[in-house]
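Protein chains in written order, with the working numbering: chain Z, 1 to 199; chain S, 1 to 199. Built from N, CA and C at the ideal position, the CB exists for glycine as well. To keep things clear, I will list the structure first and then write my remarks on it.
Here's what the structure looks like:
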């Protein structure tokens, strides 16, 4: 069990509707020392990858991405979310449909900050159905850049996003994969070793 | 001239309407090494202050706050901006009116993450008219916590926010204070030494 899984068991709270509340250390109050440990783990898992930029999405991905970036010694670009497009200049825009909220959002990155020379590590706090992530991948591809890997703090393994991204051949590393959780008992079960899973 | 001022002169762009574009290193693409230098400078300027928490506001304050927090060895809380209030649980809410956009926004922090025991350093990327900052100060006061200081990357010295905050007695440290800028020539003039300014 890694440091993030331990922390989820200690301070995470399961709520009705498959909500895992981790706002005391991950996405409202942020434990920077924990982020440093997560950065070291991502550095190990993406060792040997040629990464020159980290891409994330506002808001709760930004803090993790900035601390992880110190391990890779690269800049961070954060994509903006917007219902409308009103940013100045040339932008990559991916329209993504939210499974959860039944609405469409634009994911936007300035063309200045992603080029065909970029080898990108995508970082985000949560992966469930993977809408935001699909938008980020679409944008990296639009730029002609390369997705070297995807690092996620918490993946909801019982939703479809992670499987789909792995099926597409991406190296997706989630530090904690929740396979089952129960709001009535508070139980949280992590995936033991994903490489052992078989269809 | 400090490292941030040098970078603004090198990569910042002045646009019509008193817009200073710093999206290549501060608030869209983020230079984490620069943020580390900024963190060291804030640590010097707030030396001796008893700070146990950093408060910032989404989105572009978060990256700076997380890297600055490493110097102070404290957690970061980021306030959420929302037109409506739909977050679960007990929240501190400050309604702030935007001078620029002529609209009202709510600045929101969970009551769990600010208490009377907290000694708070507020961090943000920009200070112009100071609306967001006023909301953050209001929230710290609502919690019965103490504002130990305010650290800003870039202050537009020709707008009213900075003077008002200093007049209220807060220690406000802006790493770069732009006193004048000109979109037609691209000229940017920084305040030399604010302590020498007199009324």
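- A residue is called buried once 16 or more other Cβ atoms fall within 10 Å of its Cβ, and residue 131 of chain S is buried on that count.
- Taking the Cα positions, residue 24 of chain Z is about 47 Å away from residue 185 of chain S.
- Shown here for residue 26 of chain S: same chain residues with a beta carbon closer than 7 Å to its own, the five before and five after excluded, namely 125, 153 in chain order.
- Sequence-distant Cβ neighbours of residue 22 of chain Z in its own chain, meaning closer than 6 Å and more than five residues away, are 12.
- Shown here, residue 155 of chain Z sits in a strand according to DSSP, grouped into three states.
- Excluding five sequence positions before and after residue 64 of chain S, the CB atoms of its chain that fall closer than 7 Å to its own CB belong to 35, 38, 123, 125, 153, given in chain order.
- For the options Z:133, Z:162, Z:53, the alpha carbon positioned closest to that of residue 97 of chain Z is the one of Z:133.
- Along the segment 42 to 59 of chain Z, the positions whose C-beta sits under 7 Å from a C-beta of chain S are 58, 59, read in chain order.
- Within 8 Å of the CB of residue 63 of chain Z, the CB atoms of chain S belong to 62, 63, 65, 66, 76, 78, in sequence order along the chain.
- For residue 80 of chain Z, the enclosing beta strand (DSSP E) begins and ends at 76 to 82.
- Taking the Cα positions, residue 117 of chain Z is about 14 Å away from residue 74 of chain Z.
- Residue 2 of chain Z sits away from residue 156 of chain Z, with the two beta carbons spaced by 8 Å or more.
- Judged by beta-carbon spacing, residue 61 of chain Z lies within the 8 Å limit of residue 78 of chain Z, meaning their Cβ atoms are closer than that value.
- When rounded, the separation of the alpha-carbon atoms in residue 69 of chain Z and residue 120 of chain Z is 11 Å.
- Cβ-Cβ distances below 7 Å link residue 50 of chain Z to 119, 148 in the same chain, with the five nearest sequence neighbours on each side left out; the list follows chain order.
- The beta carbon of residue 38 of chain Z sits no closer than 8 Å to any beta carbon of chain S.
- Under the Cβ distance rule, residue 152 of chain S does not count among the residues neighbouring chain Z, no pair being separated by less than 8 Å.
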